[in-house]
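If you're matching them up, the sequences are chains A and B in order.
Each residue of the first sequence is one higher than the one before, starting from 835 at the first, in the working numbering.
Each residue of the second sequence is one higher than the one before, starting from 89 at the first, in the working numbering.
Glycine included, each C-beta is placed from N, C-alpha and C at the ideal position.
Heads up: the structure comes next, in structure tokens.
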Amino acid sequence: MTVHHHNKDLLEKLQKQFGKDIDAEILEDVSRHMKECPDCKIYVDSVQQTVKIYRVTETEKLVPEDVSERLFKTLKLHRNPS
Amino acid sequence: MKTPEYDETHLVEKAKAGDEWAIASIVEQQSHHIYNLALRLMQNQEDAEDVLQETFLIFIDKIQTFKGASSIGTWLYRIGTNVALGKLRAKDYIDRDISIHDPGFESLKGYEIRNWPDHPENELDPESFHSCLKKALKELSEDYRIVFVLRDLEGVSTNKTAEILNISVSNVKVRLMRARLFLRDQLAKKLKCVEKN
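Right, here's the structure in full:
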């Protein structure tokens, strides 16, 4: 059985949960269902973990030197001595 | 204790008065935030550089109108987001209204995931894993990607994302869920923990 065979109400509840606007009653419904349904547990865990992985791996990069040079040139500014 | 030269309020006041040293300091301090935001939104270096340059051209042009209600970083962030949005809108990607009942939604959650690993990042070599993540984010269509970037990577609230994109809060949530499912499915396929389509 695939996840999309589960009822749409649950999906909408999960959507609300992921939106962080968590209503206690909805959360209780979802938690209860998750305990009984391994498919949904994997579904939620895998989505949450995917988001976490992206947060960890999408680290900030330094602006490449040539990009910085062109930025200051476009802005007609001199770079301050560091 | 901060020296007066590096205090943000002082820098901004000097920049508003046209002090080039202060303007250059703000550009130097803030450019990597805008560049990273632009890279995530545009998914290519050339467009990200255009967004970076346009953002700071607007900054210089409008600095005198900055009231200080938010930090200069937040103000620049908003300018950068709007510049990127303008470019994405020019490609007609952003403004579609999307419903959870849209038939396309079904195709995004057609995978059953089995044996999802505890640590997916250990299932592939680091280079393949990183390349898979980048590819999936690039393949995600812009109207979903922008919501995922703002909400999940940049930490912008649902309400603020709706306001920035000029769409409803429920549409932000629908797009975010679709984006997350798409990325999860791409990763699952790569990890070979997908049962069927």
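Nearest-angstrom Cβ-Cβ length linking residue i and residue j, presumed shorter than 8 Å
i: LEU125(B); j: SER113(B); result: Incorrect: roughly 20 Å between the Cβ atoms, too far for contact.
i: THR891(A); j: LEU271(B); result: So it is not a contact: roughly 12 Å between Cβ atoms.
i: LEU129(B); j: TYR888(A); result: So it is not a contact: roughly 14 Å between Cβ atoms.
i: GLU116(B); j: ILE160(B); result: At roughly 13 Å, the Cβ-Cβ gap does not stay under 8 Å, so GLU116(B) and ILE160(B) are not in contact.
i: ILE122(B); j: GLY174(B); result: With 8 Å as the limit, ILE122(B) and GLY174(B) do not qualify as a contact, their Cβ atoms being about 14 Å apart.
i: ALA224(B); j: GLN274(B); result: 4 Å
i: THR908(A); j: GLN141(B); result: 5 Å
i: LEU164(B); j: THR143(B); result: 6 Å
i: ASN147(B); j: LYS104(B); result: One detail in the question is off: residue 147(B) reads as Phe in this sequence, not Asn. With a Cβ gap of about 11 Å, PHE147(B) and LYS104(B) do not count as contacting.
Nonlocal neighbours in the same chain, by C-beta distance under 8 Å from residue i, ignoring five residues either side
i: VAL235(B); result: THR249, LEU253, VAL260, ARG263, LEU264 and ALA267
i: GLN133(B); result: LEU127
Residue environment, residue i, which counts as buried when at least 16 other CB atoms sit within 10 Å
i: VAL897(A); result: buried
i: PRO214(B); result: exposed
i: ARG239(B); result: buried
i: GLY243(B); result: exposed
i: GLU227(B); result: exposed
i: LYS278(B); result: buried
i: SER119(B); result: buried
i: ALA136(B); result: buried
i: SER880(A); result: buried
i: SER230(B); result: Correcting the residue identity first, residue 230(B) is Glu in this sequence and not Ser. Per the 10 Å Cβ criterion, buried.
i: ALA172(B); result: buried
i: GLU899(A); result: exposed
Own chain residues within Cβ distance below 7 Å of residue i, not counting five before or after
i: ARG913(A); result: PHE906
i: VAL237(B); result: ARG128 and LEU129
i: PHE217(B); result: GLU209
i: ASN247(B); result: VAL257
Cut-off 6 Å between Cβ atoms - residues of its own chain near residue i, not counting five sequence neighbours on either side
i: TYR232(B); result: ARG263, ARG266 and ALA267
i: LEU212(B); result: none
i: THR893(A); result: none
Exercise. Is there contact here, the region 883-896 of chain A with the region 103-113 of chain B, by at least three beta-carbon pairs under 8 Å?
Worked result: The answer is no - the region 103-113 of chain B does not touch the region 883-896 of chain A, with fewer than three Cβ pairs under 8 Å.
For this session: Identify every run of the alpha helix (DSSP H) within the region 117-173 of chain B, keeping only runs that are complete inside it and at least 4 residues long; order them along the chain.
Result: As summarised for the region 117-173 of chain B, the continuous alpha helix (DSSP H) elements at least 4 residues long and confined to that stretch are 133-150, given in chain order.
For this session: Write down every uninterrupted run of the alpha helix (DSSP H) in the region 208-234 of chain B whose length is 4 residues or greater and which is fully enclosed by it, in chain order.
Result: Runs of the alpha helix (DSSP H) inside the region 208-234 of chain B: 214-227.
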